Amino acid sequence: MIRSFKLPNGKELHTPKILLTYTNVEHGMGVKPWEYMKVPGLLFPLNFLYPLFEDGTIRQTLKEFLNLQEETITLLDCDLRYTPHKKRFYTINIDAKLKSLLTGPKLEKIDVEKLKETIFTLKPDMFSIPYYSIKFTDSDSEVRNTNDANMRLLEEFISIFDEIKEFCPIPVIQVGIREKIEDKVNEILDLLGEAGLEEHLFFAYGSHVGYPDRPKKETRHDLLNIRRIREILGDDRYLHGFGIGSYTLVPACIYLGVSSVDSTLWSIKAGMKEIIVPGVAARSLRGSKGRQFLSKEESTITCDCPICNGRKISDVKSTYLDDEKKGRIHNAWVQIKDVEMLTEAIKQKKLFAICKERIERDPKKKSLLEVLQHVHTKLVSLC
Ligand SMILES: [Zn+2]
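In terms of my numbering, the sequence shown opens at residue 7 and continues consecutively.
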């Protein structure tokens, strides 16, 4: 959906949008795509930001620390379960051991004041209200515990809404595989309504759509959930889809109703010596096992990114094999341009055709076409 939103800090946000997930702070890889191109948005998982902390306290804003462009929208993802590194715990003063956190949320260990202070210092344009992500593999009791903890966190943050609203707090909607998404959306809307926030515009779906090795059943579930959330929220609200990075599924997720997606693809794939071929998908440059190798036909495709500079993929292949950093720049550029192209496609009513074409190219995801077709038929019948 093409929409414009005004964020509480006055910045304009145009959708659809892609936010590049930035975890490079931790790895010190030093790749800053915004030094090469205009970056529409960046997503920062809170847990990867510990290099910004000194003695447990953050002293710089994201913008200052990374020298970001003014127009780049930043979203801070406060997923408390996402655990790339033990060091993260001291950053938000969660004195929990990795294991205990992974087996169930320990709300009592969370220091809300510290989290609030962290958000105030980082000054993101938007932030997710802290939550523990739910995985479809979680048992029913784990899902129940996580839901309880998340609702308590949400209530706590709603109660201080006036203090935090400048940074655009976003409630995260998520469910276990046996739960109905409608119930969760209504529960959150009720909670906001009770606090006089029925007009709240910004929401996110906590999903992991399209992670390469996820069972199709789960991805199918996520796609349908996105559609259901959009139907309940209506067309005028903003809905971010966490973890929808798959190049194949980004058009479909936008078609089904997300306003923005985030993706680690640009960085992760380059590290695996894979580049995203514009209009195709990620392709391996060295024929790794289980990965789709760049075909002869695909290698004749040209790319206008700052590294390829109009050359054919075959002519720059060795550059990307030698230098992962350059691969990251190429991939970031391709993903950003892709969403620009999808925006044009929406205007020309061609988005559905692109969704189909992209999914049909991927043998592993082909069966998801049925979900899309089902929604499409319903939408067309409503016109
Ligand atoms: Zn390129």
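Idealized CB from N, CA, C, for every residue including glycine. The structure presented is a predicted model; accordingly, all values stated were derived computationally and were not measured.
Among the bridge pairs identified by DSSP, residue 24 is matched with 267. If you look at residue 230, you'll find it isn't in any beta strand (DSSP E); it sits in the alpha helix (DSSP H) that goes 222-239.
In this model, residue 20 and residue 47 are separated by some 10 Å (Cα to Cα). With 16 or more other Cβ atoms from the protein chains shown falling within 10 Å of its own Cβ, residue 269 counts as buried. Annotation for residue 257: the continuous alpha helix (DSSP H) segment containing it runs 256-262. The distance from the Cβ of residue 173 to that of residue 129 is about 7 Å, consistent with a contact at the 8 Å cut-off.
Taking C-beta separations shorter than 8 Å and ignoring five residues to either side along the sequence, the partners of residue 144 in its chain run 152 and 182, following chain order.
From the listed residues 52, 117 and 81, the smallest Cα separation to residue 87 is found for 52. Exclusion of the five residues before and after residue 79 leaves 19, 47 and 131 as the residues of its chain whose Cβ lies within less than 6 Å of its Cβ. Taking C-beta separations shorter than 6 Å and ignoring five residues to either side along the sequence, the partners of residue 276 in its chain run 330, 333, 334 and 337, following chain order. Closer than 7 Å to some heavy atom of ligand 1: that does not describe the Cβ of residue 272. Residue 287 places its beta carbon 8 Å or farther from that of residue 154. Of all C-beta pairs linking the stretch 221-235 to the stretch 341-358, fewer than three are shorter than 8 Å, placing the two stretches out of contact. Taking 8 Å as the upper bound for CB-CB distance, residue 176 and residue 210 are in contact here, some 5 Å apart. Burial check for residue 180: the Cβ neighbour count within 10 Å reaches 16 or more, so the residue is buried. For residue 221, the closest alpha carbon among the candidates 146, 192, 71 and 370 is that of 370. The straight-line gap separating the alpha-carbon atoms of residue 245 and residue 7 is approximately 10 Å. For residue 359, the number of other beta carbons within 10 angstroms of its own is below 16, and it is reported as exposed.
Nearest Cα to residue 342 within the set 40, 29 and 9: 40.
Cβ contact annotation for residue 272 (same chain, cutoff 7 Å, sequence separation greater than five): 26, 334, 337, 338 and 341, in chain order.
Put simply, the backbone Cα of residue 249 is about 6 Å away from that of residue 213.
Taking 8 Å as the cut-off, the Cβ atoms of residue 327 and residue 291 count as close. When beta bridges are read from the DSSP output, residue 146 appears opposite no residue. For residue 339, the CB falls within less than 7 Å of some heavy atom of ligand 1. Note on residue 372: under 16 other CB atoms within 10 angstroms of its CB, so exposed under the neighbour-count rule. Non-local C-beta neighbours of residue 234 in its own chain, meaning closer than 7 Å and more than five positions away in sequence, comprise 187 and 188, ordered along the chain.
With respect to residue 319, residue 304 sits close: the two C-beta atoms are nearer than 8 Å. In the three-state reduction of the DSSP assignment, residue 29 falls in the coil class, being assigned neither a helical nor a strand state. For residue 329, no alpha helix (DSSP H) run applies, since DSSP gives it neither H nor E.
In this structure, residue 238 sits away from residue 22, with a CB-CB distance that is not shorter than 8 Å. A heavy atom of ligand 1 is found nearer than 7 Å to the CB of residue 313. Pairing residue 378 with residue 361 gives a Cβ-Cβ distance under 8 Å. Beta-bridge partners assigned by DSSP to residue 175: 133.
The continuous alpha helix (DSSP H) containing residue 120 extends over residues 118-128. About 17 Å separates the CB atoms of residue 24 and residue 283; that is not less than 8 Å, and the two are not in contact. Shown here for residue 224: same chain residues with a beta carbon closer than 6 Å to its own, the five before and five after excluded, namely 142 in chain order.
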